[in-house]
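Asks:
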Amino acid sequence: MILSSTVRRVLVALTGLVLLVMYLPLVVVVINSFNPSRTLTWPPTGVTLEWWRRAWESEGARDAVVSSVEVAVASTVIALVLGTLMSLALQRYRFFGKSSVNLLVILPIALPGIVTGIALNNAFRGILGIQLGILTVIVAHATFCIVTVFNNVQARLRRMGGSFEEASADLGAGVWTTFRLVTFPQLRSALLAGGLLAFALSFDEIIVTTFTAGAGTTTLPIWILNNLFRPNQAPVVNVVAVVLILVSILPIWLAQKLSGDTEALR
Amino acid sequence: MSVDTTRAAVPPSRGTAARRASSQLSARPRLRLSLLLAAPLTWLVLVYVVALAALLVSALWTVDSFTGEIDRSLTLDNLKEITTESLYRTVALRTVGVAALVTVVDVLVALPIAFYMAKVASKRAQRILVIAVLTPLWASYLVKAFAWRSVLSDGGIFQWAASPFGLDTPGYGLTAVVITQAYIWLPYVILPIFAGLERVPNSLVDAAGDLGASPWTSMRTIVLPLLVPAIIAGSIFSFSLTLGDYITVNIVGGANQMLGNLVYTNVGAANNLPLAAAIALIPIVIMIGYLTAVRRTGALENL
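First to last, the protein sequences are chains B and X. Heads up: the first sequence begins at 22 in our numbering, then just goes up one per residue. Heads up: the second sequence begins at 3 in our numbering, then just goes up one per residue.
#1: Alpha carbon to alpha carbon, what distance is there between Y190/X and R21/X?
#2: In this structure, how does DSSP classify D66/X when only helix, strand and coil are distinguished?
#3: Between S269/B and chain X, is there a C-beta pair that is closer than 7 Å?
#4: Quick check: the region 145 to 161 of chain X against the region 77 to 86 of chain X, are at least 3 beta-carbon pairs closer than 8 Å?
#5: Look at the alpha carbon of F241/X and the alpha carbon of T204/B, and state the distance between them as a whole number of angstroms.
#6: In this structure, what does DSSP give as the bridge partners for I72/X?
#7: Classify V105/X as helix, strand or coil using the three-state DSSP reduction.
#8: At 7 Å on the CB atoms, spell out the chain X contacts of F116/B, in chain order.
#9: Can you tell me where the alpha helix (DSSP H) with K376/X in it begins and where it stops?
#10: Does any CB atom of chain B fall closer than 7 Å to the CB of I84/X?
#11: Counting only C-beta atoms, is W187/X closer than 7 Å to chain B at any point?
#12: To be precise: take each residue of the region 253 to 267 of chain X, compare its Cβ to all Cβ atoms of chain B, and keep it if any distance is under 7 Å. Which residues remain?
#13: Just to confirm, is the Cβ distance from P131/X to M119/X under 7 Å?
#14: Do V122/X and L47/B have their CB atoms nearer than 7 Å?
#15: Return no unless some Cβ of chain B is closer than 7 Å to the Cβ of S4/X.
#16: Please decide whether V65/X counts as near chain B, where near means a Cβ-Cβ distance under 7 Å.
#17: Using a Cβ distance threshold of 8 Å, determine whether the region 158 to 175 of chain B contacts the region 199 to 213 of chain B, with at least three qualifying pairs required.
#18: In chain order, what residues of the same chain lie with their CB nearer than 8 Å to the CB of V65/X, ignoring the 5 residues before and after it?
#19: So, under 8 Å CB-CB, S157/X and G255/X are touching, yes? Tell me the CB distance rounded to an integer number of Å.
#20: Less than 7 Å between the C-beta atoms of L144/X and I273/B, yes or no?
#21: In the DSSP assignment, the alpha helix (DSSP H) including F232/B goes from what residue to what residue?
#22: Taking only heavy atoms of the ligand HEM into account, decide whether any of them is closer than 6 Å to the Cβ of T231/B.
#23: Identify which residue in L24/B, L132/B, V257/B and L111/B has its Cα closest to the Cα of L293/X.
#24: For V51/B and chain X, any beta-carbon pair shorter than 7 Å?
#25: Shortest alpha-carbon distance to L103/X belongs to which of V296/X, M221/X, N268/X and L243/X?
#26: Give me the chain B residues within the contact set of A149/X, using Cβ-Cβ distance strictly less than 8 Å, ordered along the chain.
#27: If we ignore side chains and look at the alpha-carbon of each, how far apart do I281/X and L264/X end up?
#28: Are the region 229 to 237 of chain B and the region 125 to 139 of chain B touching, with three or more C-beta to C-beta distances below 8 Å?
#29: Counting only beta-carbon atoms, is Y90/X nearer than 7 Å to chain B?
#30: Tell me whether T164/B is buried or exposed, calling it buried when 16 or more other Cβ atoms sit within 10 Å of its Cβ.
#31: Are there 16 or more other CB atoms within 10 angstroms of the CB of N204/X, so buried, or fewer, so exposed?
#32: Under 7 Å between beta-carbons, which chain B residues line up against L57/X? List them in chain order, please.
#33: Going straight from the alpha carbon of L286/B to that of T199/B, what length do you get?
#34: Thinking L188/X and V296/X are a contact (beta carbons under 8 Å), I'd like their distance in whole angstroms, please.
#35: If contact means a Cβ-Cβ distance below 7 Å, which residues of the region 210 to 226 of chain B contact chain X?
So, in structure tokens, the structure goes:
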């Protein structure tokens with residue numbers, strides 16, 4: 022497109038500015054984790070590892086990491102199984118109500134978290150009479166993690182088509198053998214990418230978690246929320262926030278490399 | 003995609019149960035489909051659809067104020083309360099106002115960057131920019147709100163950067179909520195607008211230029227009208243996600259309340275789940291209204 026150089030320069034400047042504003046707050050959190058000032062005033066007066074040491078020694082924070090990992094691993098495994106079955110069904114077959122089923126997969130992530138959260142809270146507590154705990158968090162997280170696995174596997178199935186599977190069946194392989202030797206090896210990297218995204222999504226989820234976790238279960242985001250307003254904990258919260266940034270962004274980079282396109286991240 | 007042929011040795015046919023099941027399955031695609039769908043569909047319907055339906059029903063229940071027990075007879079008391087009490091109207095209007103403001107800010111910020119990404123940047127730069135925009139989307143929502151709490155705090159970087167210009171940090175309040183929410187949902191608005199701009203043919207804009215239109219005129223009369231569905235698609239995200247927020251308000255909003263806070267207090271401290279369910283209906287109804295209003299623009303196909 023033909024644009025005058027002034028317009029071009031303005032656009033470059035605006036794009037740069039937006040990216041700066043997008044990354045600056047996250048960078049501030051990272052820098053503040055080394056800031057010796059207890060109130061996190063700017064600019065930092067020096068560099069210290071004191072808060073990292075304290076965060077490492079904080080039992081509450083460590084327990085919270087363990088809970089978060091447990092929840093994320095369990096819900097990722099459930100999401101991998103259910104998401105793969107769902108994408109095989111929707112990508113390889115045609116049936117009545119297919120678009121409604123598709124919508125149903127997306128719904129838990131499309132509705133505001135508070136609606137999902139209170140609906141599940143109400144269902145667990147008010148209707149089923151279940152005590153809230155780590156299991157209810159896992160069920161809730163698995164429900165909205167299905168969509169990330171589903172998106173990745175479905176995109177891969179669409180790209181690879183059905184001819185290998187048909188050839189395998191023509192050569193006499195049964196349903197299991199075809200899945201084990203033909204379909205699964207081709208899906209492997211898509212499953213890994215989808216699983217990483219599901220893990221990241223579960224690891225830092227807060228809204229649905231607050232409604233389904235009950236008093237005894239503390240995931241890392243809940244730990245942050247509980248300690249956010251305690252002045253003497255502020256620097257440690259800051260360190261934990263950096264950990265949360267790393268744990269959620271690194272899997273995304275990996276997933277992006279594995280799936281080889283940016284489509285999978287949406 | 004290459005298939006490892008060395009391992010693809012098909013085991014010889016045996017009369018095992020697995021083999022029999024397999025040949026049954028190969029002959030019956032409908033049975034295969036039902037087996038594939040059974041587990042995920044049961045999960046989603048049992049956990050999610052039933053929960054949503056139950057939410058609607060329990061909005062009609064009440065809580066006995068003495069015992070705290072839930073009374074499961076159906077009444078419209080909760081709905082009457084949220085439509086007549088001025089508290090709910092004030093908070094609902096405030097929430098819609100914040101959500102609308104966040105959406106306007108996001109669209110205004112997203113337009114130039116999406117335009118640069120789609121129409122000006124080279125293919126290589128475009129790829130890098132898409133990743134650069136997508137990555138913060140995956141950083142924790144909570145951490146982003148916390149980051150703005152640090153940025154806007156008394157003695158924080160905002161104050162430090164603004165003081166040479168005689169400005170000050172807005173502090174914690176509704177302004178901070180709008181800034182933070184606009185920040186959090188910005189990638190969700192940039193991406194549909196970027197995708198929409200990629201679909202606008204360059205030739206149209208070039209033709210407008212050849213016929214003497216200034217860049218501004220061709221932008222206003224050619225690009226923007228074609229972009230309306232994509233802009234609305236983006237606005238659905240920022241609007242809907244802001245309507246349901248209560249964490250950001252807690253972290254940077256000072257004493258202000260939004261609908262989400264009222265829901266949260268009634269679930270927790272006030273222990274009035276039916277009233278909370280009734281309040282949660284407000285954002286749902288607003289969103290359904292919004293989606294119905296924009297459906298005719300074709301925005302829903304742009305999500």
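Heads up, the beta-carbon is just placed ideally off N, CA and C, and yes, glycines get one too. Note that this is a predicted model, so its numbers are computed, not measured.
Replies: Taking the definition as stated:
#1: Straight-line Cα distance between these residues: approximately 48 Å.
#2: In the three-state reduction of the DSSP assignment, D66/X falls in the coil class, being assigned neither a helical nor a strand state.
#3: yes
#4: no
#5: 40 Å
#6: V65/X
#7: It is worth fixing the name first, because residue 105/X is Thr in this sequence and not Val. It is helical.
#8: L35
#9: Past the boundaries of the shown model lies residue 376/X; chain X is included only from 3 to 305, so the question cannot be answered.
#10: So, not an interface residue.
#11: no
#12: Those residues of the region 253 to 267 of chain X that come within reach of chain B (Cβ to Cβ, closer than 7 Å) are I253, G262 and V265.
#13: Note on identity: in this sequence residue 131/X is Leu, with Pro being the wrong assignment. A distance below 7 Å separates the beta carbons of L131/X and M119/X.
#14: no
#15: Because the pLDDT of S4/X is 49, which lies under 50, any placement of that residue in the model is unreliable, and the number read from its coordinates should be weighed accordingly. Not an interface residue.
#16: no
#17: Counting C-beta pairs closer than 8 Å gives three or more between the region 158 to 175 of chain B and the region 199 to 213 of chain B, which meets the contact rule.
#18: E71, I72, D73, N273, N274, L275, P276 and L277
#19: For the sequence presented, residue 157/X should be read as Gly rather than Ser. In fact, because the Cβ distance is near 20 Å, the residues do not count as touching under 8 Å.
#20: Between L144/X and I273/B, the C-beta spacing is not below 7 Å.
#21: I228 to T233
#22: For the ligand HEM, the structure offers nothing, since it holds no ligand at all.
#23: L132/B
#24: No, V51/B lies away from the interface with chain X (no Cβ there is under 7 Å from its Cβ).
#25: L243/X
#26: P46, L47, V49, V50 and A262
#27: 7 Å
#28: Touching, yes.
#29: Not closer than 7 Å to any Cβ of chain B, the Cβ of Y90/X fails to qualify, so no.
#30: buried
#31: With a threshold of 16 other beta carbon atoms within 10 Å, N204/X falls short and is exposed.
#32: I139, A140 and N143
#33: Note that L286/B scores a pLDDT of 46, beneath 50, so its modelled location is shaky; the value from the coordinates is reported in the next line. Between L286/B and T199/B, the C-alpha separation is close to 29 Å.
#34: Their Cβ separation, rounded to whole angstroms, is 20 Å, which puts L188/X and V296/X out of contact at 8 Å.
#35: A221 and D225
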